[in-house]
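Q: First the structure, which I've put down as C-alpha cells, then a few questions once you've had a look.
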C-alpha cells in the first residue's frame with residue numbers, strides 16, 4: 001500500500017486507512033515488546049505477513065501458523081487487488 005502511495009494510485013482515504021492500520025500494529029508491538037519470553041519482533045510493512053514469520057521460522061527451526069480468517073484486510077488493499085492494480089517495488 002505504501003508503494004501504491006508512492007506510485008500514485010492510492011487515494012487519500014486509502015492513505016488514511018494505511019496510516020491508521022500501521023499505527024495500530026505498532027502500538028501492539030510496543031506493548032508486547034516488554035513481555036516475558038519475547039525475544040524477537042518484526043513489523044509487517046516490508047515483507048508483509050508472510051515474509052517475516054517465514055524468516056523467523058526458518059531461522060529458529062520452528063513453524064509459524066497464521067489464521068488468515070482472523071487477519072483484518074484493508075478495504076483499499078482489497079479493492080486494488082481485485083482490480084489487479086498492486087505495484088511491486
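Numbering (the UniProt record's numbering), first residue to last: 1 to 89.
Every residue, glycine too, gets a C-beta built ideally from N, C-alpha and C.
Give me the Cα-Cα distance between residue 106 and residue 29, rounded to the nearest whole angstrom.
A: Because the chain here runs from 1 to 89, residue 106 falls outside it and cannot be looked at.
Q: For the putative contact between residue 18 and residue 3, defined by C-beta atoms under 8 Å, what is the C-beta separation to the nearest angstrom?
A: Indexing the chain shown from 1 puts residue 18 at position 18. Indexing the chain shown from 1 puts residue 3 at position 3. With a Cβ gap of about 11 Å, residue 18 and residue 3 do not count as contacting.
Q: Pull up the CB-CB distance for residue 64 and residue 54, whole angstroms please, since I reckon it's below 8 Å.
A: In the chain shown, the residue the question calls residue 64 occupies position 64. In the chain shown, the residue the question calls residue 54 occupies position 54. Indeed they touch by this definition, with Cβ atoms about 7 Å apart.
Q: In this structure, does DSSP put residue 62 in helix, strand or coil?
A: Translated into the one-based positions of the chain shown, residue 62 becomes position 62. In this structure, residue 62 counts as coil in the three-state DSSP scheme.
Q: Starting from residue 29, follow the alpha helix (DSSP H) in both directions and report where the run begins and ends.
A: Reading the chain shown from its first residue, position 29 is the one you call residue 29. 12–32 is the extent of the alpha helix (DSSP H) around residue 29.
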